[in-house]
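Numbering-wise, the sequence shown is residues 1 to 145 according to UniProt numbering.
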Amino acid sequence: MAALITTIVWSTLAASPAQAGKKDIFGWVEHVLVGETQLDLQAKLDTGADTSSMHASKIRRYRSEDRKLWVEFRLTDETSGKTIRYKKRLVRYAYIKEHEGPSQKRPVVNLTICLGDHEKEIEVSLADRSGFQYPVLLGRNALEG
Numbered sequence: 001m002a003a004l005i006t007t008i009v010w011s012t013l014a015a016s017p018a019q020a021g022k023k024d025i026f027g028w029v030e031h032v033l034v035g036e037t038q039l040d041l042q043a044k045l046d047t048g049a050d051t052s053s054m055h056a057s058k059i060r061r062y063r064s065e066d067r068k069l070w071v072e073f074r075l076t077d078e079t080s081g082k083t084i085r086y087k088k089r090l091v092r093y094a095y096i097k098e099h100e101g102p103s104q105k106r107p108v109v110n111l112t113i114c115l116g117d118h119e120k121e122i123e124v125s126l127a128d129r130s131g132f133q134y135p136v137l138l139g140r141n142a143l144e145g
């Protein structure tokens, strides 16, 4: 029951001195806009998770001509059903411990997320989250001001 009434407070990102103490209140599930294409996705806000995670399909890692690692993946807008291909630099790998079995190695990329009036570039691990109710999980690293 507590999870249903839990609210998340996210400090204003680019607050003026007059707004410095202002906090915004969000529910535990919110719509977010992702990337330059402003994909509309539902996100679960979870302060129990460090890193954010996002459902992506056709995840492919590759090395560019300058030997840097990149990730190509697809995100699907829930509202329109439109699928968009992204190419982002690999930031790092996240090792996610499953309830049973070994840790899962996931690629992490930087993506811009807009929650309410706030836009922020965050680290997001990419995974097949098709078995989850919400395609995006925003962890506490993304929620801190």
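Even glycine gets a Cβ: it sits at the ideal position worked out from N, Cα and C.
Could you give the distance in angstroms between the alpha-carbon of residue i and the alpha-carbon of residue j?
i: Glu-119; j: Ile-113; result: 6 angstroms
i: Lys-105; j: Gln-133; result: 21 angstroms
i: Gly-35; j: Ser-57; result: 16 angstroms
i: Met-54; j: Pro-102; result: 20 angstroms
i: Arg-61; j: Glu-72; result: 6 angstroms
i: Glu-144; j: Leu-41; result: 20 angstroms
i: Tyr-93; j: Lys-22; result: 34 angstroms
i: Asp-77; j: Leu-69; result: 26 angstroms
i: Arg-67; j: Asp-128; result: 26 angstroms
i: Val-32; j: Gly-131; result: 20 angstroms
i: Ser-80; j: Ala-142; result: 25 angstroms
i: Gln-38; j: Val-108; result: 19 angstroms
Quick one: what's got a C-beta closer than 6 angstroms to residue i's C-beta in the same chain, skipping five residues either side?
i: Arg-85; result: Arg-74
i: Lys-44; result: Val-29, Tyr-134, Leu-137
i: Ile-59; result: Phe-73, Leu-126
i: Thr-83; result: Arg-74, Thr-76
Under the DSSP definition of a beta bridge, which residues are partnered with residue i?
i: Ala-127; result: His-55
i: Asn-110; result: Glu-123
i: Glu-30; result: Ala-43
i: Thr-83; result: Thr-76
Kindly list the residues whose CB is nearer than 8 angstroms to the CB of residue i, restricted to its own chain and excluding five residues on each side of it in sequence; keep chain order.
i: Gly-116; result: Trp-10, Asp-24, Phe-26, Glu-30
i: Asn-110; result: Lys-88, Arg-89, Val-91, Glu-121, Ile-122, Glu-123, Val-124
i: Arg-63; result: Leu-69, Trp-70
Identify, in the order they occur along the chain, each residue of the same chain with its Cβ nearer than 7 angstroms to the Cβ of residue i, setting aside the five sequence neighbours on each side.
i: Gly-139; result: Asp-46, Ala-49, Asp-50, Thr-51, Ser-52
For the segment 33 to 75, which segments carrying the beta strand (DSSP E) assignment without a break, of at least 3 residues, lie completely within its bounds, in sequence order? List check, beta strand (DSSP E) in window: 39 to 45, 52 to 55, 57 to 63.
Could you tell me whether the segment 24 to 43 touches the segment 94 to 104, using the rule of 3 or more Cβ pairs below 8 angstroms? Judged by Cβ distances under 8 angstroms, the segment 24 to 43 makes no contact with the segment 94 to 104, as fewer than three pairs qualify.
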